[in-house]
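In this note's numbering, the protein residues as written are 253 to 407.
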């Protein structure tokens, strides 16, 4: 590989180089990239909250769980049996054999307002049942975000 040097003029001056030297530009871009990579995760938290750590282990699911379902039209069901809100306490007593230490699993449609879910939980507590678990879907990653149905389970 050969290099051709420009011919010197009679004044022995070098000709000005008109090429752009991109090395400093690349260095600056890499430094900016590193700064943004460090600063971006720090900027994602708007409210500083010191959350407690949970040491809870996953509880085994009972052999025959009692599900209380709040549907999108605000109708209730205990197990598979539709009930009215007025007969909730009596239905729970018959299903659980009046065992108030039994855990009840509440599942509600995602379109139901939070206030309605809390009202249902207060009604269950008013009936004497204090062990209430909320049921949700376990997201399993990218397919859950894409709309594929994830596996269900109690949380």
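Beta carbons: idealized from backbone N, C-alpha and C, even for Gly.
Computed from a predicted structure; not experimentally measured.
Query, Result
"Less than 8 Å between the C-beta atoms of residue 373 and residue 358, yes or no?", "yes"
"I'd like the list of long-range same chain contacts for residue 317, defined as Cβ closer than 6 Å, with 5 residues on each side in sequence excluded.", "357"
"Can you list the beta strand (DSSP E) stretches of 3 or more residues lying completely in the segment 311-344, in chain order?", "318-322, 328-330 and 333-335"
"Would DSSP call residue 377 helix, strand or coil?", "helix"
"Locate the beta strand (DSSP E) running through residue 358, then write down its first and last residues.", "356-360"
"Helix, strand or coil: how does DSSP classify residue 386 here?", "strand"
"Can you tell me where the alpha helix (DSSP H) with residue 266 in it begins and where it stops?", "Counting along the chain, residue 266 falls outside any alpha helix (DSSP H), and DSSP gives it neither H nor E."
"Pick out whichever of 366, 368, 341 and 352 has its Cα sitting closest to the Cα of residue 383.", "352"
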